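Trainee: Order-wise, the sequence lines are chains L and B.
Just so we're aligned: 173 in my numbering is position 79 of the first sequence, and the numbers increase by one with no gaps anywhere.
Just so we're aligned: 101 in my numbering is position 9 of the second sequence, and the numbers increase by one with no gaps anywhere.
For every residue, glycine included, the Cβ atom is placed at its ideal position computed from N, Cα and C.
None of these values were measured; they are calculated from a predicted model.
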Amino acid sequence: GENVEQHPSTLSVQEGDSAVIKCTYSDSASNYFPWYKQELGKGPQLIIDIRSNVGEKKDQRIAVTLNKTAKHFSLHITETQPEDSAVYFCAASIWFSGGYNKLIFGAGTRLAVHP
Amino acid sequence: GAVVSQHPSWVICKSGTSVKIECRSLDFQATTMFWYRQFPKQSLMLMATSNEGSKATYEQGVEKDKFLINHASLTLSTLTVTSAHPEDSSFYICSARNQGRRNTEAFFGQGTRLTVV
Chain L
95 GENVEQHPST LSVQEGDSAV IKCTYSDSAS NYFPWYKQEL GKGPQLIIDI RSNVGEKKDQ
155 RIAVTLNKTA KHFSLHITET QPEDSAVYFC AASIWFSGGY NKLIFGAGTR LAVHP
Chain B
93 GAVVSQHPSW VICKSGTSVK IECRSLDFQA TTMFWYRQFP KQSLMLMATS NEGSKATYEQ
153 GVEKDKFLIN HASLTLSTLT VTSAHPEDSS FYICSARNQG RRNTEAFFGQ GTRLTVV
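1. Using a Cβ-Cβ distance under 8 Å, would Ser117/B count as near chain L?
2. Using a C-beta cutoff of 8 Å, does Thr167/B count as contacting chain L?
3. Residues of the segment 127 to 147 of chain B with a CB closer than 9 Å to any CB of chain L: list them in chain order, please.
4. Expressed to the nearest angstrom, what Euclidean distance is found between the alpha-carbon atoms of Glu173/L and Ser106/L?
5. Please classify Ala122/B as buried or exposed, where buried requires at least 16 other C-beta atoms within 10 Å of its C-beta.
6. Could you tell me the distance, in whole angstroms, from the CA atom of Gln154/L to the CA atom of Lys131/L?
7. Give the DSSP-derived three-state secondary structure of Pro128/L in the structure shown.
8. Going along chain L, which residues have a C-beta under 8 Å from Gly203/B?
9. Just reading off the beta strand (DSSP E) that Asn195/L is part of, what are its end residues?
10. Kindly say whether Ala188/B, judged by its beta-carbon, lies nearer than 8 Å to any beta-carbon of chain L.
11. Over what stretch of residues does the beta strand (DSSP E) that includes His170/L continue unbroken?
12. Determine the direct distance from the alpha carbon of Arg204/L to that of Cys186/B, and round the result to whole angstroms.
13. Where Asp119/B and Asn97/L are concerned, what is the direct C-alpha to C-alpha distance, given to the nearest angstrom?
14. Using a 10 Å radius around the Cβ and a threshold of 16 neighbouring Cβ atoms, would you call Phe183/B buried or exposed?
15. Against Glu151/L, what residues of chain B qualify as contacts under a CB-to-CB distance less than 9 Å, listed in chain order?
16. If we count the other Cβ atoms within 10 Å of its Cβ and call it buried at 16 or more, is Leu160/L buried or exposed?
17. Residues in its own chain within less than 7 Å of Glu151/B by CB, not counting five upstream and five downstream?
18. On a Cα-Cα basis, can you pick out the residue from Ile171/L, Ser120/L, Tyr182/L, Ala201/L that is closest to Ile156/L?
19. According to DSSP, which residues form a beta bridge with Phe200/B?
20. Over the uninterrupted beta strand (DSSP E) stretch that includes Asp143/L, give me the two end residues.
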């Protein structure tokens, strides 16, 4: 079945450093890849997404890259700040018959940014 | 971005009782809503997909008679945990998307922490 693997499970960086989280997906039909940030006790918040027709997307300190051939996509956070500390989830979207799709989530990465 | 409101944010109930959780899309019409369950320090596990005006599609292993889902309007879906037991204690999260658009992003509610005592 569909599977999304996410690494690392935990990541600790110093403030100002960059953080990279990587995901791989199994279904080549996947065509939408969002990233979510979840703070303790809250629902996930979409921070950036990428569709299969582009290879890279950037929004200020956050960027996402997609390699369709290798079925890899990555989240890059530059100039990290303590408020970036949270759990980050990648996801891949699969199309099913009937026209609707569902998100398959990675296991999550707990990012800690130390002052 | 679109707003999805989930209510209540937390609830404590006695074993054997039922609990209803509401998920509302406040500024868009959600033809499809998704219900997830999340255990501490774990990922989101999809429980069911709820389509407006039709029966929900449940994921394998999810008991449809225990987790009743109703999506009677384009802005509201409800999840009822029937005859709750302590093992049902978890963080329940809904998300909504306008299925009229391809690959549209999903917006999540703030989650409901259910504790069954």
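Mentor: Answer, in terms of the structure:
1. no
2. no
3. Tyr128, Gln130, Lys133, Gln134, Ser135, Leu136, Met137, Leu138, Thr141, Asn143
4. Each residue's alpha carbon lies about 14 Å from the other.
5. Ala122/B sits buried, since 16 or more C-beta atoms from the chains shown fall within 10 Å of its C-beta.
6. Between Gln154/L and Lys131/L, the C-alpha separation is close to 16 Å.
7. strand
8. Per Cβ cutoff of 8 Å: Gly135, Lys136, Gly137.
9. 195 to 199
10. no
11. 166 to 171
12. 22 Å
13. Cα-Cα distance, rounded: 32 Å.
14. buried
15. Just to set this straight, residue 151/L is Lys in the shown sequence, not Glu. Neighbours of Lys151/L across chain B, judged by C-beta separation under 9 Å, do not exist; the nearest C-beta is about 13 Å away.
16. buried
17. Excluding positions up to five away in sequence, the list reads Leu138, Met139, Ala140.
18. Ile171/L
19. Assignment of beta-bridge partners to Phe200/B by DSSP yields Ser187/B.
20. Residues 139 to 145.
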